[in-house]
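Each step along the sequence shown adds one to the number in this note's numbering, with nothing skipped, and position 72 is 72.
Even glycine gets a Cβ: it sits at the ideal position worked out from N, Cα and C.
This structure is a prediction, so every number in the text was calculated from the model and none was measured.
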Amino acid sequence: MAIGSLITSPGQVQYGDLLLGTGTPYRWRSISGWEDLPALDSGSVARSDAHGAFPGLLLAQARTVGLDGLIIRAPRERIGAVVGVLNAGTVPRVDELPLVVWLDDRGPLLVYARAVRRSIPAGPGYRLGTIVGGAVEWVASDPRRYKVAEQSAAASLPTAEPGLSWPLVWPMGFGAPGSSGALTAVNTGDAETHPIVEFRGPVTAPALTNINTGDVLEYDIPLAAGDVLTVDTRAGTVLLNGGASRLYSATSRSVPEQTFTLAPGANNFAFRAGVDSDPAATATVRYRSAYW
Numbered sequence: 001m002a003i004g005s006l007i008t009s010p011g012q013v014q015y016g017d018l019l020l021g022t023g024t025p026y027r028w029r030s031i032s033g034w035e036d037l038p039a040l041d042s043g044s045v046a047r048s049d050a051h052g053a054f055p056g057l058l059l060a061q062a063r064t065v066g067l068d069g070l071i072i073r074a075p076r077e078r079i080g081a082v083v084g085v086l087n088a089g090t091v092p093r094v095d096e097l098p099l100v101v102w103l104d105d106r107g108p109l110l111v112y113a114r115a116v117r118r119s120i121p122a123g124p125g126y127r128l129g130t131i132v133g134g135a136v137e138w139v140a141s142d143p144r145r146y147k148v149a150e151q152s153a154a155a156s157l158p159t160a161e162p163g164l165s166w167p168l169v170w171p172m173g174f175g176a177p178g179s180s181g182a183l184t185a186v187n188t189g190d191a192e193t194h195p196i197v198e199f200r201g202p203v204t205a206p207a208l209t210n211i212n213t214g215d216v217l218e219y220d221i222p223l224a225a226g227d228v229l230t231v232d233t234r235a236g237t238v239l240l241n242g243g244a245s246r247l248y249s250a251t252s253r254s255v256p257e258q259t260f261t262l263a264p265g266a267n268n269f270a271f272r273a274g275v276d277s278d279p280a281a282t283a284t285v286r287y288r289s290a291y292w
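Now the structure itself:
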């Protein structure tokens with residue numbers, strides 16, 4: 001199932017395959033931790049010779065999201081089944097699931113989270129099909145919120161334009177335009193985001209340079225036609241054809257994968273490779289715009 005595919009209107013929350021909110025048996029009164037700035041760890045150090053401190057990095061902690069005032073309504077003969085669906089959809093798990101929240105006209109946003117708390121009061125209304133005052137809580141290890149739709153930008157290796165064909169005949173054909181090897185990725189959010197970079201062969205020593213920052217991802221590895229080298233900058237992995245790690249192939253010019261991010265706004269890149277590479281080789285940057 002596609003991420004957020006069940007959500008159709010503001011006021012809805014989707015966690016995995018579980019839909020909560022408008023149009024479902026599970027209504028909620030408020031959501032906490034979604035529009036809040038997550039707690040920050042400060043690397044600032046107090047000055048020993050003056051007032052104040054030396055400013056350090058601010059690193060966000062995990063984001064905690066809570067649905068409060070949960071109201072569950074169903075025919076009395078079905079209340080057990082409806083509660084069972086909620087229970088099954090919020091069990092503790094090892095991996096994180098997509099949690100998509102749509103609050104307003106800005107559209108839905110996404111985090112990856114795990115359910116860590118579920119409260120379903122069994123009060124007088126339970127047997128009548130109405131449960132009031134429940135709650136569900138999730139924790140997202142990555143506190144940034146993302147656009148649901150993934151974006152991508154791709155470039156092939158630089159090639160020269162063919163120019164004019166002789167003898168000249170009017171109208172003159174200048175040939176297909178050459179490739180510059182440049183691509184632009186626009187992060188429309190207000191937080192840095194980690195892209196996934198894919199190099200497709202045939203190519204040797206593929207490299208992608210962030211022109212804005214000078215950061216480079218470069219790997220001393222030959223890729224045959226059909227080979228894909230996938231660099232996940234969030235996880236810090238480099239996989240050949242989705243299997244074997246090729247992290248060791250990073251050159252001395254290459255920055256640590258987890259430091260290669262897209263800043264808010266336009267990020268300009270240049271794709272380059274070894275001289276014996278095929279012009280059909282490509283580099284693709286896949287990403288989601290990120291928000292605090």
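Roughly how far, in whole angstroms, is the beta-carbon of residue i from the beta-carbon of residue j, given that I think they are within contact range, below 8 Å?
i	j	result
Ile79	Gly134	Their Cβ separation, rounded to whole angstroms, is 12 Å, which puts Ile79 and Gly134 out of contact at 8 Å.
Leu208	Phe269	6 Å
Leu19	Gln12	6 Å
Leu99	Val111	5 Å
Asn210	Ala290	The Cβ separation is near 16 Å, so there is no contact.
Residue j and residue i - do their beta-carbons sit closer together than 8 Å?
i	j	result
Val65	Ala140	yes
Tyr219	Arg200	no
Thr230	Gln258	no
Thr90	Val136	yes
Ser156	Pro279	yes
Ala225	Pro206	no
Tyr355	Leu70	The chain is shown from 1 up to 292; residue 355 falls before or after that span and cannot be answered.
Arg76	Gly123	no
Asp190	Pro108	no
Ile221	Ser254	no
Ser350	Thr204	The shown model of the chain, from 1 to 292, leaves out residue 350, and the question about it has no answer.
Thr184	Ala266	yes
Pro10	Trp102	yes
Gly21	Arg63	no
So what's residue i in DSSP terms, helix, strand or just coil?
i	result
Thr184	strand
Asn241	coil
Glu312	Residue numbering for the chain in the displayed model covers 1 to 292; residue 312 lies beyond these limits and cannot be assessed.
Val148	coil
Gly274	coil
Gly201	strand
Pro171	With a pLDDT of 49 at Pro171, under the threshold of 50, the modelled position of this residue cannot be trusted; read the value that follows with caution. Here Pro171 sits in coil by DSSP.
Ala207	strand
Glu218	strand
Ala160	Confidence at Ala160 is low in this model, with a pLDDT of 47, below 50, so its placement is unreliable and no value can be given for it.
Ala69	One detail in the question is off: residue 69 reads as Gly in this sequence, not Ala. Strand at Gly69.
Thr282	strand
Val255	coil
Ala298	The structure shown does not extend to residue 298, since the chain is modelled only from 1 through 292, so no value can be given for it.
Asn268	strand
Leu295	Nothing about residue 295 can be reported from this structure: the residues present for the chain run from 1 to 292 only.
Leu58	strand
Leu103	coil
Arg27	strand
At what residues does the alpha helix (DSSP H) containing residue i begin and finish?
i	result
Leu18	Run containing Leu18: none in the alpha helix (DSSP H); it sits in the beta strand (DSSP E), Leu18 to Gly21.
Val111	Unbroken run through Val111 is the beta strand (DSSP E), Leu109 to Ser119; no alpha helix (DSSP H).
In the DSSP assignment, the beta strand (DSSP E) including residue i goes from what residue to what residue?
i	result
Ala2	No beta strand (DSSP E) contains Ala2, which DSSP labels as neither H nor E.
Gly133	Thr130 to Ala140
Ile31	Ser30 to Ser32
Decide if the stretch 31-42 is in contact with the stretch 3-12; the criterion is three or more beta carbon pairs, one per stretch, under 8 Å apart.
no
Is the stretch 142-157 close to the stretch 184-196, with three or more CB pairs under 8 Å?
yes
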